[in-house]
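Chains as they are written, first to last, in the working numbering: chain A, 66 to 380; chain B, 30 to 348; chain C, 60 to 376. Here a beta-carbon is modelled for each residue, glycine too, at the ideal position from N, C-alpha and C.
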Amino acid sequence: MTEPLLQVDDLVVHYPAGRKRVVHAVDGVSLTVAPGEFVALVGESGCGKTTTAQAIMRMAKVTAGTITYSGCDITTFSQREMRPIRHEMQLIFQDPYESLDPRFRVRDTVIEPLQIHGVTDNREERVRAALERAGLTPAELYIDRYPHELSGGQRQRVSIAASLVLEPTMLLADEPVSMLDVSVRAGILGLLEELRKSGLGILMITHDLSTAAHYANRICVMYLGRVVEEGPAHEVIRNPQHPYTKALVSVVPQPDPDRATKPQILQGETPNPVNVPSGCRFHPRCPVAEARCQNEDPQLRPAGGDGQQAACLLI
Amino acid sequence: MTPVLVIEGLHVWFELPNHKELHAVKGISFELEPGERLGLVGESGCGKTTAILAMMGLLPPTASAAGKIILDGDDILAGGDTTMRPHRWKDISMVFQGAMNAFDPVKTIGSQIQEPIVKAKLAEGKAARLRTAELLELVGISGSRQDRYPHEFSGGMRQRAAIAMALACDPKVLLADEPTTALDVMVQAQILKLLVQLTDDLGLAMIMVTHDLPLVSQVCTRAAVMYAGEIAEIGTTHDLYHKPLHPYTRMLFSATPDLLAEQTVRSIPGAPPRLDQPLVGCPFQPRCDSALTVCASEAAPLRTGPDGHRAYCHLKDTA
Amino acid sequence: MSVVDAPMTPLDEVRKSPSRLRSLLSFLRKHPQAAIGFVILMLFVFVAIFGPYFAPYGEREQVGPIFGTPSSAHPLGLDDGGIDILSLLIYGARVTLIVGFAGAVVAMLVGGSIGIISGYFGGKIDNALMRTTDYFLVLPDLVLMIVVASIWGRSLRNIIIIIGLIYWTYMARLIRAQVKVVRERAYVKRAQALGATHTRIIFRHVIPQIAPLLLAQTVLMVALAIFLETAISFLGLGDPSVASWGKMIETAFSRSAISYGAWWAIAPPGIAVALVIMAFNMVGTAAEDSLNPRLRVSHLARRHFRLRPLPDKEPPK
């Protein structure tokens, strides 16, 4: 395997919640993304997936752990030192209706990264190339428009074009299609897949297992600030090892009504990350928990096949 | 069985500020059997939410409606608001989109569930409290928690409470508008299970509006696929998935990633048409992958299949 | 990849964003009260600018008896120095408007920048700035006016500073709240993720977004500033060397115009002040209204829709 583009080791992000309590948003997450690899970070709300992405972009304060980008430890970089990294690593936001400045024409939005990073040559060509790469062809048709003149899918493409204009090596996409209609989602995800094929590393944050299964090479499943299972997308979906992943896979609705599913519905909801349960943090909701799960905190270890790992004491 | 609800040629128009008109629902017809779960699916702006708001008689003053909404043999749309009001909440009730966020933060959950009970003069005082506790138990919340405030409930519990509120006056038909969007998959599964259980146990008919085809496949027995204000296809969920008659249904399924199938996910090119101008021919024709020349000029004819399977399409073979 | 999501109209058909003049005109058409206020304002501005060219008499020119009654030569009569009141009113318009505008602009600049910094950076900076604002907020206006005027002396510049000092707190709180909302927008977050400097984000994304609100509030503040100027002058803390409407009222009072029965020395400047304040208010509130998000109708509210006959050509569905 090639040298990873992004390597996160034992990342911890805690922040105060008032009255001396601490939110354990991210509590020891490790993951890697290689060039040309599409990794999906899957989990329910409150599992820490978005905080992980923000910490990687250094937009959330890292409590412990290291973030390495292209072999370079960026964990303690100052904002000034981060600038070249921000050139390489781009963030795509969830809400295409919110992520474009309503007063900016498409050109202004896409040109902004070039201005911020002081790229002055061939700006116009770069903008056009980025728009066409994002599937907005011909660029002339879109370049002078305002966001309100575009559909949701087109806005998300403009947002992606603005991320591509600096020719980054890595994209971080936070729920890039959850606000879009089903009929246009595949277009946006197909675009991300093509970018991956052209060598970009992609880390996508999503709550949708089906999307992750179709587009990602690898899936990391998060629960309450931890990665509980990680491995090739195919293995994680077809052969889940961790009880949480098993439950999650079982409750995804299937489009074929005849494919009878036996949803294994967990009781309750993800606990508040302020009061993290002792031992295995999943044990209060785990259908197969034993007495020792209350005391021992499991670490990721090989389980299943093909480099798959899970953090469960019972495997 | 006699259907509990029959919709016949329902139209809804909205007045736009520029003196134009938006024809949001263009004469849809279907029947709902007692205890049946029907899905209403489509992209945003296809008129699915407008259609069920019309069934509740909750259209805004800028709207006008035509057609028939027949509840137990009576056309309740005939007299406008006057004839709709007595049935609202009592016979037809609704769980609104984002209902879990619609509770008043300064009133207890119980007092808010009681509101429709007291308004309908079904019970008062202690009896109303008892009924509220019963309703909460029905949706899986301990009745003793009725004096809690909305912020003390999680999102999933608030959605359960919203369902309890819709059940307060023992309706015959429950309309659910995107009941699980904004909820996590696990909570979504809990709520769906609850809705299936409730409709089975209470013999309640339900119309579930959603943009998510797999949800409908798992929860409903029949579904109507809406496009540009019309029902493009209606039939059992089995037929829609395995033998779709309308290319839109087929393309919508292939745009939806299936967790376990090795299919190629394809987006549907283009976007739905604007509804503020008259359309010629089949509205889906510009996006359709198997459109014929006739599709652009002539309205699509009815195609039928077994089990009340209907679609409006020019194609002769299965889509 | 060339997937186009929606049919696109050719660019030349795209609605051109209306010019500033056009959008001003359409705003005035939609808000008749703003139009009336605007016309009154334009009249006063015209008088303030060109008044000295057509004022019938000089600002200090004694043209008749003390408190001379209104006549055809002096439609508004004469004041305690035998000076033509109409001419004084015309000269005073300039001072009054200048003080009003300048005071509002000072309040906007100080309050606006503190509001933006406080709202954008948040945290400790926000805390410190907001506590400072609270101090100014609880200072009694009258005392502040008297103290500043007696320490720094009575001049136009000082009046403007006093107005700024009194009103910036209000502006700061309002702008801070708005900036806090804008700061959370995804496009601001994106600019941050791109490594944009704070200055860039503030000037490119934040200020353009709050500018309309800032403008509407400034217009409203001019009205307040003019009122305050009148009050300050009336209390005798105004600049003794220039004629403002407030000072006209003050001199009329102190020279006992009332006991002379010379109502014309007091009423015209009073009415002028009231008119201008009303005009600014009419424009400002209309602008503020049109910027406020409309209240949404609740789902559960009973609403009446209309019924209509079925369309002639019933589609077969």
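7 Å CB neighbourhood of C:VAL106 in its chain, flanking five on each side removed: ILE149, ALA152
Beta-carbon proximity check, C:ALA316 vs C:ILE325, cutoff 8 Å: yes
Proximity test, Cβ basis, 8 Å: B:GLY76 and chain C: no
Environment of B:SER122 [buried if 16+ CB atoms lie within 10 Å]: buried
Inter-residue Cα distance where the pair is A:HIS279 and B:THR293: 9 Å
In whole angstroms, give me the CA-to-CA distance for C:LEU279 and C:GLY254. Looking at the two C-alpha atoms, the distance is approximately 37 Å.
Taking only the alpha-carbon atoms, compute the straight-line gap between C:ILE218 and C:ASP298 and give it to the nearest angstrom. 8 Å
Measuring only the C-alpha atoms, how far is B:ILE263 from B:ALA253? 4 Å
Near-chain A residues of the segment 221-238 of chain B (beta-carbon distance less than 9 Å), N- to C-terminal order: Flagged, chain order: LEU221, LYS222.
Pairing CB atoms from the segment 150-158 of chain A with CB atoms from the segment 230-247 of chain A, are three or more of them under 8 Å? yes
For C:GLY127 versus C:LEU135, is the C-beta spacing smaller than 8 Å? no
Quick one, are the C-beta atoms of B:LYS33 and B:ALA83 less than 8 Å apart? The displayed chain sequence assigns Val, not Lys, to residue 33 of chain B. No; because the gap between Cβ atoms is not below 8 Å, this pair is not in contact.
Closer than 7 Å by beta-carbon distance: list the chain A residues that pair up with B:ILE297, in chain order. SER248
Could you tell me which uninterrupted beta strand (DSSP E) segments, each at least 3 residues in length, are contained entirely in the segment 195-238 of chain B, listed from first to last along the chain? 202-206
For C:THR155, three-class secondary structure by DSSP: helix
Quick check: the Cα distance between C:VAL332 and C:PHE113, rounded to an integer number of angstroms? 21 Å
8 Å contact criterion, which A:ALA238 and A:ILE267 should meet: CB distance rounded: 7 Å
May I ask you to list the residues that DSSP assigns as paired with B:CYS324? DSSP lists no partner for B:CYS324.
At a Cβ threshold of 8 Å, is B:SER93 touching chain C? yes
Segments assigned alpha helix (DSSP H), at least 4 residues, entirely inside the segment 144-217 of chain C: 144-180, 182-197, 200-211
Just to confirm the assignment, what range does the beta strand (DSSP E) spanning B:THR333 have? 331-334
What whole-angstrom Cβ distance do A:CYS345 and A:PRO367 have, given they're in contact under 8 Å? A Cβ-Cβ distance of about 18 Å is found for the pair A:CYS345 and A:PRO367, leaving them out of contact under the 8 Å criterion.
Burial state of B:GLU153 (16 or more Cβ within 10 Å): exposed
Looking at C-alpha atoms only, which residue of C:SER131, C:ILE142, C:ALA132 is the closest neighbour of C:GLU120? C:ILE142
Would you say B:GLY38 and C:LEU366 are within 8 Å of each other, going by their C-beta atoms? no
Using the three-state DSSP reduction, which class does A:GLN119 fall into: helix, strand or coil? helix
For A:LEU156, which residues in chain C fall below 7 Å Cβ to Cβ? Chain C residues near A:LEU156: ARG249, ALA252.
Extract the residue ranges of the beta strand (DSSP E) inside the segment 45-119 of chain B, only unbroken runs of 3 or more that lie entirely within it. 50-61, 66-70, 92-100
Indicate the three-state DSSP secondary structure (helix, strand or coil) for A:ASP173 in the structure shown. Three-state result, A:ASP173: helix.
Is B:ILE15 helix, strand or coil by DSSP? Because chain B in this structure spans residues 30 to 348, residue 15 of chain B falls outside the shown range and cannot be described.
Among the residues of its own chain, which have a CB less than 8 Å from the CB of B:GLY357, if the five just before and after it don't count? Not covered by the structure: residue 357 of chain B. The range shown for chain B is 30 to 348.
Are the beta-carbon atoms of A:VAL91 and A:LEU76 separated by less than 8 Å? yes
8 Å contact criterion, which A:ALA199 and A:LEU229 should meet: CB distance rounded: 6 Å
Do you know how far the Cα of C:LEU272 is from the Cα of C:PRO352? With a pLDDT of 41 at C:PRO352, under the threshold of 50, the predicted position of this residue should be treated as unreliable, though the coordinate-derived value follows. Rounded to whole angstroms, C:PRO352 to C:LEU272 spans 12 Å at the Cα level.
Looking at the C-beta of C:ALA245, does it have a partner C-beta in chain A at a distance below 8 Å? Residue contact check for C:ALA245 against chain A: a CB pair falls below 8 Å.
A:TYR162 versus A:ALA375, A:VAL184, A:GLN219, residue with shortest Cα-Cα distance: A:GLN219
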